[in-house]
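Enquirer: Just so you know, the sequences run in chain order A and B. Sequential numbering of the first sequence, starting at 0, is according to numbering that gives the first Met the number 0. Sequential numbering of the second sequence, starting at 0, is according to numbering that gives the first Met the number 0. Backbone N, C-alpha and C define an ideal beta-carbon position, used for all residues, glycine too. Small disclaimer: the values here were computed from a predicted structure and weren't measured. Handing you a structure now.
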Amino acid sequence: MEMPKIDPFTLAKKETLVERLSRVLPQDAIIHDLEETRAYECDALTAYRCPPLAAVLPRSTEQVSAVLRICHELEIPVVPRGAGTSLAGGALPTADSVILGVARLTDVLEVDYDDRIIRLQTGRTNLSVTGHVEADGFFYAPDPSSQLACAIAGNIAMNSGGAHCLKYGVTTNNLLGVTLVQMDGTVVEIGGAHMDAGGLDLLGVVCGSEGQLGLVTEATLRILPKPEGARPVLIGFDSLEVAGACVADIIKAGVLPVAIEFMDRIIIRIVEDYAKAGYPDCEALLIVEVEGSEDEIEEQLSLIEKIAQRHDPVELRRSQGEDESAKIWLGRKSAFGATGRISDYMCLDGTIPVSELPRVLAGITTLSEKYGLSVGNVFHAGDGNMHPLIMYDANKPGDLEICEEMGAEILKLCVEVGGCLTGEHGVGVEKRDLMGHQFTPADMEAQMRVKDVFDPKWLLNPAKVFPLDVTADRRA
Amino acid sequence: MLRPETEEHLAEIVRGANGPLSVRGGATRHRPGPGEALTTAGLTGITLYEPGALTLVARAGTPMAEVEAALAAEGQRLPFEPMDHRPLLGTTGEPTIGGAVALNVSGPRRVQAGACRDSLIGVRFVDGEGTLVKNGGRVMKNVTGYDLVKLMAGARGTLGILSEVSFKVLPAAATEATLRLSGLDVAEAVKAMAAGLSSPFEVTAAAHDPATGETSLRIEGLAGSVAYRAGELTRVLAPFGTAEMLEPETSTALWTDIRDARAMAGDGDVWRLSVRPSHAPDLVARAGAEAALLDWGGGLIWLRLPEGTDLRARLGGFGGHATRVRGAADVPPEAPVLAALTRGLRERFDPRGLFSPALGENA
Ligand SMILES: Cc1cc2nc3c(=O)[nH]c(=O)nc-3n(C[C@H](O)[C@H](O)[C@H](O)COP(=O)(O)OP(=O)(O)OC[C@H]3O[C@@H](n4cnc5c(N)ncnc54)[C@H](O)[C@@H]3O)c2cc1C
């Protein structure tokens with residue numbers, strides 16, 4: 000994969016940079032020794048690595064602002080970093096860039112249950128937000144599978160989703176305000192504890208901008224009262240098409256489950272080996288979860304089961320209690336990890352219209368045969384967000400390239416049927432060069448104008464999202 | 000009046016324009032701005048509706064009524080319960096789906112199902128250079144590139160003219176009920192609403208009318224579930240009095256009135272405030288309005304005041320914003336850094352200043 004040419008002038012500024020940084024940050028917040036910077040050489044897209052010029056770990060918005068002002072003056076690119084779990088290479092540095100990590104910004108600043116908000120510094124992990132309010136009966140809804148590790152900073156930058164977003168939405172639907180530091184050090188407050196924007200919805204465009212518009216140091220998030228209970232049902236089918244049709248019927252019937260997850264045979268077997276979740280061995284498995292009191296769960300599940308029966312499931316099994324529910328979800332949530340134990344894999348996340356599921360799954364099978372790489376499918380079926388896991392051998396020369404080529408074909412297919420390249424992981428460097436398949440030059444130009452306004456010099460995470468040739472003039 | 004019937008024609012008009020355009024949908028929420036009138040009313044039709052995928056795509060000038068009827072036929076609805084501005088503004092004509100998006104019009108269900116911008120998943124628009132731009136699409140999870148969908152929602156037509164909009168829709172509720180408390184003052188009412196909204200019983204609307212002293216909380220869903228939650232919620236609200244339960248039809252009528260801010264009937268200016276809910280009692284007191292209505296658990300305040308009242312002076316600084324909806328145009332001032340970003344965006348999307356030279360004039 001191509002990255003911008005390293006500017007020797009920028010490399011030569013390292014000494015000046017470190018000297019100036021040390022005037023605004025404590026020594027332990029500046030990492031510039033080559034060996035130590037390696038800790039920041041990649042995110043979860045581990046196929047690509049490059050140690051940065053330096054990494055800094057400020058402890059306050061003021062320090063972030065001071066660092067950015069220095070980098071802005073020295074014209075050194077900055078790559079924001081949360082927990083480094085991006086699957087798209089969003090936090091991948093270049094050799095002439097500074098990694099600005101928010102890992103030390105972890106304070107909770109305010110919790111208000113009457114207004115149902117929490118305000119915090121963005122270095123906190125996703126799961127710890129729920130952890131902070133859980134005892135009082137609340138939770139933070141977006142739940143990416145990486146929630147134990149990923150930071151709210153990265154969630155906001157990627158507009159991350161999770162298994163339960165069919166009902167609760169993704170990050171952008173649960174974000175009320177941010178403190179954003181622009182590349183020149185300007186601190187901007189966007190939104191707050193109120194529910195809509197007074198002028199342009201800048202919060203909406205900052206969320207999902209992959210660290211290219213500003214450094215988000217603080218955020219106000221919406222928290223929700225925890226439901227009384229939740230229960231999944233497992234529905235197995237001997238055909239992918241029938242499982243897809245069942246999903247559409249459930250949605251049409253007027254019950255809105257909180258989650259509808261889909262796994263194919265390959266993934267079922269991998270997960271079952273690992274998590275022993277008690278999944279049936281079949282072509283396609285749905286986990287459908289509903290929430291409420293016992294009676295409400297009963298009311299919704301009987302409706303869903305009635306619909307499922309019409310499609311002749313090979314298995315229809317309601318979770319009998321919390322332990323079983325936890326196991327069922329453990330299986331789903333460990334799908335990536337379990338796959339990783341048996342093979343290197345690349346995880347795609349194109350979204351498609353739910354009605355196109357059979358066609359796209361068939362297309363993936365054809366591509367899998369053509370390229371000779373095995374693919375497992377596990378995804379959020381309610382919203383069409385696919386996660387094909389292409390398995391390859393990183394030690395076999397050429398295999399990664401074949402895998403990437405095949406991945407690109409799958410994503411193009413997603414776009415062709417009316418979907419998109421990425422539903423929740425972001426573009427980063429990984430899907431950057433495919434943007435032209437989804438967008439016209441005018442579509443991309445409109446997006447880049449936003450960056451022109453927030454970061455006129457294009458110093459913030461400049462090598463991401465848009466194809467390099469498209470951004471060349473702006474980055475120059 | 001310019002009335003393009005295709006996106007290409009719309010783009011051509013904008014490219015050829017040599018002065019401001021006064022863009023309107025159905026003109027039901029519209030303050031006529033300066034410039035040549037252009038209506039999107041010729042850009043109509045639902046271009047895609049897939050109930051099984053919860054997605055609907057319509058051209059911007061499609062009447063709201065047509066969209067709502069198509070959804071109702073499949074037992075679905077727009078989650079954000081868009082307000083009809085006609086009763087409040089005394090306008091006539093057909094509200095369009097694009098107009099609702101341009102103003103990010105969201106009704107009582109905002110507290111539970113999100114705002115218009117949260118349901119919006121795709122837009123097509125013509126920018127100030129007459130270039131057609133698309134963003135988002137027809138799938139409900141999409142993080143490909145920047146989210147200009149959100150940026151266009153509520154932009155009041157200042158960044159471009161919408162030609163097509165896509166939504167995530169939801170199943171309509173099988174039934175609903177409203178619990179009503181009487182005799183609370185604003186502060187007690189806001190506390191009662193917070194108690195309801197913080198319970199696990201999924202309140203989908205919470206409003207208070209100081210004139211009648213009535214505080215209403217709505218629940219929706221399957222019949223058994225609504226009955227169960229009504230019982231539980233009555234217990235949650237017990238410290239604030241005995242809640243009376245309104246049957247589905249009365250409930251529906253009540254929320255239509257609240258959605259359309261019927262309590263603001265009469266003469267004078269009407270202001271719309273978006274605030275932190277717990278700040279509502281203090282702000283209502285400071286405003287000294289002739290009539291007030293609290294929705295969104297207190298997060299949305301409607302106020303009626305004598306024409307020309309300087310409400311901003313009365314309110315002083317507060318975390319949120321106020322817009323005069325009826326009366327002389329008055330949109331929230333922005334902090335200087337935010338204003339600079341807004342200006343920058345408008346200059347780039349509309350370099351010739353064709354769209355609403357004064358923000359807020361077109362929607
Ligand atoms: C096993 C596994 C499972 C996953 N499951 C899911 C899932 O279910 N759903 C999902 O959506 N994602 C998932 N992800 C992807 C990833 O966890 C998310 O994208 C996450 O939000 C990244 O957060 P992070 O803190 O690790 O960010 P990082 O990886 O550090 O950075 C991500 C992006 O955010 C930018 N950024 C970081 N901090 C800031 C800041 N303060 N201000 C501005 N920009 C910033 C970076 O520059 C980068 O572009 C998964 C990843 C893994 C490894």
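Using a Cβ-Cβ distance under 8 Å, would A:Pro-224 count as near chain B?
Expert: Position 225 of the first sequence, counted from the first residue, corresponds to residue 224 of chain A. Yes, A:Pro-224 counts as interfacial toward chain B.
Enquirer: With a cut-off of 8 Å on the beta carbons, I'd call B:Leu-147 and A:Val-241 a contact; round off their distance for me.
Expert: Here residue 147 of chain B is taken as the residue at index 148 of the second sequence, counted from 1. Here residue 241 of chain A is taken as the residue at index 242 of the first sequence, counted from 1. About 38 Å; that fails the 8 Å criterion.
Enquirer: Give every residue of the same chain whose Cβ lies closer than 6 Å to the Cβ of A:Thr-350, excluding the five residues on either side of it in the sequence, and list them in chain order.
Expert: Residue 350 of chain A sits at position 351 when you count from the first residue of the first sequence. Around A:Thr-350: Gly-383, Asn-384, Gly-418, Cys-419 and Gly-422.
Enquirer: Is there at least one non-hydrogen atom of ligand 1 closer than 7 Å to the beta-carbon of A:Ala-156?
Expert: Here residue 156 of chain A is taken as the residue at index 157 of the first sequence, counted from 1. Under cutoff, so the answer is yes.
Enquirer: Relative to the C-alpha of A:Glu-314, which residue among A:Glu-295, A:Tyr-278 and A:Gly-320 is closest?
Expert: By 1-based counting over the first sequence, the position of residue 314 of chain A is 315. That would be A:Tyr-278, whose Cα lies nearest to the Cα of A:Glu-314.
Enquirer: For ligand 1, is there a heavy atom less than 7 Å away from the beta-carbon of A:Asn-173?
Expert: As a first step, residue 173 of chain A is located in the first sequence; it is residue number 174 there, counting from the start. Checking every heavy atom of ligand 1 against the Cβ of A:Asn-173, none is found closer than 7 Å.
Enquirer: Do B:Pro-33 and B:Pro-19 count as a contact pair if the criterion is CB distance below 8 Å?
Expert: Translated into positions along the second sequence, residue 19 of chain B becomes position 20. Translated into positions along the second sequence, residue 33 of chain B becomes position 34. A contact, by the Cβ cut-off of 8 Å.
Enquirer: With a threshold of 7 Å, establish whether the CB of A:Cys-281 neighbours any heavy atom of ligand 1.
Expert: Here residue 281 of chain A corresponds to residue number 282 of the first sequence, with the count starting at 1. No, since every heavy atom of ligand 1 falls outside the 7 Å radius drawn around the Cβ of A:Cys-281.
Enquirer: How long is the line joining the alpha carbons of A:Thr-84 and B:Trp-301, rounded to whole angstroms?
Expert: Counting from one through the first sequence, the residue named residue 84 of chain A turns up at place 85. Counting from one through the second sequence, the residue named residue 301 of chain B turns up at place 302. Roughly 44 Å between the two C-alpha positions.
Enquirer: Consult DSSP for A:Met-385 and reduce its assignment to one of helix, strand or coil.
Expert: Working through the first sequence from its first residue, we reach residue 385 of chain A at position 386. Residue state, collapsed to three classes: coil.
Enquirer: State the CB to CB distance for the pair B:Gly-127 and B:Thr-39, rounded to an integer number of angstroms; the pair is presumed to be in contact (CB under 8 Å).
Expert: Along the second sequence, read from residue 1 onward, the residue named residue 127 of chain B stands at position 128. Along the second sequence, read from residue 1 onward, the residue named residue 39 of chain B stands at position 40. Contact flag wrong, Cβ pair sits at about 16 Å.
Enquirer: Name the one or two DSSP bridge partners that B:Pro-62 has.
Expert: The residue you call residue 62 of chain B lines up with position 63 of the second sequence. Note: B:Pro-62 sits in a beta bridge opposite B:Thr-95.
Enquirer: At the 8 Å Cβ level, is A:Cys-206 part of the contact set with chain B, yes or no?
Expert: What you label residue 206 of chain A is simply residue 207 of the first sequence in a count that begins at 1. Yes, A:Cys-206 counts as interfacial toward chain B.
Enquirer: Show which residues of chain A have a CB atom less than 8 Å away from the CB atom of B:Gly-240.
Expert: Position 241 of the second sequence, counted from the start, is the residue given in the question as residue 240 of chain B. None at all; the shortest Cβ gap to chain A is about 18 Å.
Enquirer: Counting only C-beta atoms, is A:Ile-351 closer than 8 Å to chain B at any point?
Expert: Counting from one through the first sequence, the residue named residue 351 of chain A turns up at place 352. A:Ile-351 counts as touching chain B.
Enquirer: Please go through the same chain and pick out, in chain order, the residues whose beta-carbon is closer than 7 Å to the beta-carbon of B:Tyr-48, but skip the five residues on each side of it.
Expert: By one-based count along the second sequence, residue 48 of chain B stands at place 49. Hits under 7 Å: Leu-55 and Ala-69.
Enquirer: When the Cβ atoms of the segment 120–131 of chain A are set against those of the segment 389–400 of chain A, are three or more pairs found closer than 8 Å?
Expert: No, because fewer than three Cβ pairs between the segment 120–131 of chain A and the segment 389–400 of chain A fall closer than 8 Å, the two stretches do not touch.
Enquirer: Going by DSSP, what residue range makes up the beta strand (DSSP E) through B:Trp-301?
Expert: As a first step, residue 301 of chain B must be located in the second sequence, where it is residue number 302. 299–304 is the extent of the beta strand (DSSP E) around B:Trp-301.
Enquirer: So with CB distances below 8 Å, who are the chain A contacts of B:Val-274?
Expert: On the second sequence, residue 274 of chain B is found 275 positions in, with the first residue counted as 1. The contacting residues are His-193.
Enquirer: Which class does A:Leu-16 belong to by DSSP, given the choice of helix, strand or coil?
Expert: Here residue 16 of chain A refers to the residue found at position 17 of the first sequence. It is helical.
Enquirer: Can you list, in chain order, the residues of its chain whose CB lies under 6 Å from that of B:Gly-136, leaving out five sequence neighbours each side?
Expert: Taking the first residue of the second sequence as 1, we reach residue 136 of chain B at position 137. Only Gly-121 meet the Cβ criterion.
Enquirer: How many Å lie between B:Ala-362 and B:Leu-180 at the Cα?
Expert: Start at 1 with the first residue of the second sequence, and residue 362 of chain B comes out as number 363. Start at 1 with the first residue of the second sequence, and residue 180 of chain B comes out as number 181. Low confidence applies here, because B:Ala-362 scores a pLDDT of 37, under 50, leaving its location unreliable; read the following figure in that light. Each residue's alpha carbon lies about 37 Å from the other.
Enquirer: Going along the chain, which residues of the segment 136–164 of chain B sit with their C-beta nearer than 8 Å to a C-beta in chain A?
Expert: Cβ contacts with chain A: Gly-136, Arg-137, Val-138, Met-139, Lys-140, Asn-141, Val-142, Thr-143, Gly-144, Tyr-145, Asp-146, Leu-147, Val-148, Lys-149, Leu-150, Ala-152, Gly-153, Ala-154, Thr-157 and Leu-158.
Enquirer: Quick one: what's got a C-beta closer than 7 Å to A:Ile-341's C-beta in the same chain, skipping five residues either side?
Expert: By one-based count along the first sequence, residue 341 of chain A stands at place 342. Ile-269.
Enquirer: With DSSP collapsed to three states, give me the class of A:Leu-410.
Expert: To locate residue 410 of chain A, count along the first sequence from 1; it is residue 411. Helix at A:Leu-410.
Enquirer: Taking the straight line between their C-alpha atoms, what separation do you get for A:Glu-72 and A:Gln-146?
Expert: Here the question's residue 72 of chain A lines up with position 73 in the first sequence. Here the question's residue 146 of chain A lines up with position 147 in the first sequence. Each residue's Cα considered, the two are about 36 Å apart.
Enquirer: Please find out if some non-hydrogen atom of ligand 1 comes closer than 7 Å to the beta-carbon of A:Val-78.
Expert: If you number the first sequence from 1, residue 78 of chain A lands on position 79. Result yes, Cβ under 7 Å from ligand 1.
Enquirer: Give the residues from the segment 292–319 of chain B that approach chain A closer than 8 Å (Cβ to any Cβ), ordered along the chain.
Expert: Going along the segment 292–319 of chain B in chain order, one finds Trp-295, Gly-298, Leu-299, Gly-318 and Gly-319 with a Cβ nearer than 8 Å to chain A.
Enquirer: Output the distance between the C-alpha atoms of A:Pro-57 and B:Gln-75, rounded to the nearest integer angstrom.
Expert: Taking the first residue of the first sequence as position 1, residue 57 of chain A is located at position 58. Taking the first residue of the second sequence as position 1, residue 75 of chain B is located at position 76. Spanning the two alpha carbons is a distance of roughly 49 Å.
Enquirer: Once you ignore the five residues that flank A:Arg-431 on each side, which residues in its own chain have a CB closer than 7 Å to its CB?
Expert: Against the first sequence, residue 431 of chain A aligns to sequence position 432. For A:Arg-431, where only same-chain residues beyond five positions count, the Cβ hits under 7 Å are Lys-463, Val-464, Phe-465 and Pro-466.
Enquirer: How is the beta strand (DSSP E) around A:Pro-79 delimited, first residue to last?
Expert: Reading the first sequence from its first residue, position 80 is the one you call residue 79 of chain A. A:Pro-79 -> beta strand (DSSP E) spans 77–80.
Enquirer: For B:Leu-178, is the classification buried or exposed, using 16 other Cβ atoms within 10 angstroms of its Cβ as the cut-off for buried?
Expert: Numbered from its first residue, the second sequence carries residue 178 of chain B at position 179. B:Leu-178 is buried by the Cβ-count criterion.
Enquirer: Closest by CA to A:Ile-488, which one among A:Asp-263, A:Gly-198, A:Ile-98 and A:Asn-154?
Expert: Since the first residue shown for chain A is 0 and the last is 475, residue 488 of chain A is missing from the structure and cannot be characterised.
Enquirer: Once the 5 residues before and after A:Gln-299 are set aside, which same chain residues still bring their CB inside 8 Å of it?
Expert: Locating residue 299 of chain A in the first sequence gives position 300, where the first residue counts as 1. These residues qualify, in order along the chain: Val-254, Pro-256, Val-289 and Gly-291.
Enquirer: Just to confirm the assignment, what range does the alpha helix (DSSP H) spanning A:Ile-296 have?
Expert: What you label residue 296 of chain A is simply residue 297 of the first sequence in a count that begins at 1. Counting along the chain, the alpha helix (DSSP H) containing A:Ile-296 begins and ends at 293–308.
Enquirer: State buried or exposed for A:Met-157, treating a residue as buried only when at least 16 other CB atoms are found within 10 Å of its CB.
Expert: Translated into the one-based positions of the first sequence, residue 157 of chain A becomes position 158. A:Met-157 comes out buried.
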